[in-house]
Amino acid sequence: MKRFTLFTLIVIAAAAPLAAQNTAFGTGFWADIAPILYFSGRPAQSDSYVPAIDDLSAYMARPAFLSGGFSLSAGPFSAAMVIELQQDMGEMLRGGELTNLPLSRDYSTLMFSNNYPNVGFVEGSGDWWRLSLGRRAINIGRGVGSLSISGGNPRYDHILAGLSAPFGKGSLDYDFLAISVARTYGTDDAKSLFFHRLGIDFPTLSFGFAEYNLVTGVDLDLQDFAPFLIYHHLFADGSNVMFHLDGEWRPVSPLRVYAEVLMDDFQLGAEGSGSNPSAFGFSAGAQWQIMDGAVIARPRYFRGDYSLALDGKALEGGLVATLDGYWASTYLYRRNAASPGQAYSTRYFMQTDSSWNTISSWFSYPLGPDRILIRGNLNYTLPGLSLAAEVGVAFLGAESGETTYASPYSENWLGPQTPVTMGYDVSLGAEIVLGHNSLGTVNAGFSKRGADAAILSLTLGFARRFATGSAP
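In this note's numbering, the protein residues as written are 54 to 525.
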């Protein structure tokens with residue numbers, strides 16, 4: 054941990070002189086009130102129920118009833134921190150999901166979550182550099198989701214630094230990212246994920262090469278923080294290294310086509326059954342701006358508004374259609390049962406009304422092993438209006454819920470393994486700007502998994518900001 058802090062201070066000290074390039078300064082304080090009404094057929098859980106990542110995702114999709122924070126900017130740097138007065142997750146799951154009021158499920162006592170902040174970071178950028186340090190959601194990928202690090206997870210504690218330079222008619226980009234996974238109390242199960250990527254970007258074509266190094270169960274050393282080492286050739290104890298390729302083609306300005314490949318292991322015939330099984334991930338997608346237009350103009354009310362996206366710039370404004378497909382093979386993200394900590398997963402600690410809960414999630418959530426996801430969405434935005442529709446289909450293999458594996462391995466390593474469970478999700482949403490600092494929201498959803506009963510939901514929301522200064 055001392056080494057990580059030292060590295061952070063070095064990066065900040067090195068970047069500090071860049072602030073002299075811009076003398077703009079600003080501060081702001083704000084408070085948002087965002088009540089919702091939620092109607093759903095989801096059954097209430099018992100007091101002994103142990104929440105999972107799908108529960109955490111549903112909880113984080115609801116805004117805090119009351120939130121506030123501060124922001125400041127100094128030259129090319131800006132920072133923001135958000136504190137939330139949010140409903141307790143346990144109360145929501147056990148019958149209190151009608152509203153997001155920070156009360157018990159029977160509305161008799163005040164009961165709110167202590168799990169904050171979910172957003173707090175400093176960032177900076179210029180023509181040739183970028184920096185982010187703190188806590189926020191991150192998505193690495195050219196599509197809506199990610200094969201590797203997904204914005205579907207609520208937050209990551211991270212540091213990111215990147216450089217760009219002209220290269221012919223395009224640019225050469227290099228990024229380094231470190232993510233820390235929370236430790237379980239009383240154990241030595243810390244995880245750290247390191248990422249570096251070399252990207253080449255031209256007006257109509259771009260591609261990148263990246264490595265991920267998940268370090269578990271060992272003390273970190275300086276080679277883990279070295280941006281320009283080849284992780285695969287470190288052969289370090291406690292490391293799980295993946296290789297990632299991505300590319301994008303933009304034949305005309307309103308169209309982008311992209312694809313990615315992620316490789317963990319590739320079992321050669323000469324290695325025998327004792328080696329790790331082959332593990333690959335594939336994704337492909339396309340995005341088409343059918344009608345040009347502007348993006349919605351409103352403050353950052355919600356956690357997702359602070360998300361950081363890397364690798365690819367999504368088309369925005371007007372009418373935009375997107376179709377993405379993801380295929381994660383049976384053994385991708387998982388690890389041998391003898392080394393469960395090296396599974397490609399993160400975790401979150403959530404205090405509820407009754408206990409502390411350790412919730413594990415794949416870094417790529419909602420993607421995970423042994424499954425295929427296909428998602429299509431249609432978005433239409435104007436300065437005062439945003440409409441969205443999304444349809445998702447999931448093919449969940451028999452081992453999609455497993456975090457480790459053991460030999461003998463299936464010859465069909467691509468998967469999904471039979472029997473396959475089908476999942477369906479449909480969502481419709483609207484945001485309407487009701488004034489300079491007010492927003493109305495409506496969301497309807499349909500979800501079904503296998504033989505379980507379908508769940509219908511409707512959410513009505515309102516957000517109002519009270520601010521002074523330059524709030525985000």
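Glycine residues also receive a C-beta, built at the ideal position from the N, C-alpha and C atoms.
| Check | Outcome |
| --- | --- |
| With a threshold of 8 Å, are at least 3 pairs of Cβ atoms found where one atom belongs to the stretch 152-167 and the other to the stretch 193-212? | no |
| Where does F57 fall in DSSP's three states? | Unreliable placement is indicated for F57, whose pLDDT of 43 sits below 50; the coordinate value is still reported in the next sentence. If DSSP states are grouped into helix, strand and coil, F57 belongs with the helices. |
| Can you look up D290 in the DSSP assignment and give me helix, strand or coil? | coil |
| From the DSSP output, read off the bridge partner residues of I283. | For I283, which the question treats as bridged, DSSP gives no partner whatsoever. |
| Looking only at its own chain, which residues have a Cβ that is under 6 Å from the Cβ of I89, when we skip the five neighbours before and after it? | N153, T512, G514 |
| May I ask you to check if the CB of F248 is nearer than 7 Å to at least one heavy atom of the ligand GTP? | Inclusion of the ligand GTP in the displayed structure is not the case, the ligand content being empty and no account of it being possible. |
| Where does N75 fall in DSSP's three states? | The predicted model places N75 with a pLDDT of 49, which falls under 50 and marks its position as unreliable; any figure quoted below should be read in that light. N75: coil per DSSP, three-state reduction. |
| What residues in its chain sit with their C-beta under 6 Å from that of D478, if we drop five residues either side in the sequence? | G445, S500 |
| With DSSP run on the structure shown, which of helix, strand or coil describes Q527? | In the structure as shown, the chain starts at 54 and stops at 525, and residue 527 therefore has no counterpart that could be examined. |
| Can you tell me which of the three DSSP states D254 falls into? | strand |
| Which of the three DSSP states, helix, strand or coil, is assigned to I106? | helix |
| Which residue from E369, Y112, G196, A133 puts its Cα closest to that of S523? | A133 |
| With a 10 Å radius around its C-beta and 16 neighbouring C-beta atoms as the bar for buried, classify I283 as buried or exposed. | exposed |
| Cutting at 6 Å between CB atoms, please list the residues of its own chain near S268, excluding the five before and the five after it. | What sits at residue 268 in the sequence shown is Val, not Ser. Taken in chain order, the residues that qualify are S245, D277, G291, S292. |
| Going by beta-carbon coordinates alone, are A117 and F519 separated by less than 8 Å? | no |
| In this structure, what does DSSP give as the bridge partners for T457? | R388 |
| In the DSSP assignment, what residue or residues form a beta bridge with L368? | Answer is none; L368 lacks a bridge partner. |
| Considering only DSSP beta bridges, list what E176 is partnered with. | S131, S185 |
| Identify, in the order they occur along the chain, each residue of the same chain with its Cβ nearer than 8 Å to the Cβ of R351, setting aside the five sequence neighbours on each side. | E484, V486, L492 |
| Among F319, S233, P170, I253, which residue has its Cα nearest to the Cα of D272? | S233 |
| Going by alpha carbons, who is nearest to I349 out of M145, A506, T434? | T434 |
| State buried or exposed for T257, treating a residue as buried only when at least 16 other CB atoms are found within 10 Å of its CB. | exposed |
| According to DSSP, which residues form a beta bridge with P393? | Answer is none; P393 lacks a bridge partner. |
| Please check the pair A422 and Y384, which I expect to be a contact at CB under 8 Å, by giving their CB distance rounded to whole angstroms. | The sequence shown places Pro at residue 422, rather than the Ala named in the question. That belief holds up - the Cβ atoms of P422 and Y384 are roughly 7 Å apart, short of 8 Å. |
| According to DSSP, is A524 helix, strand or coil? | coil |
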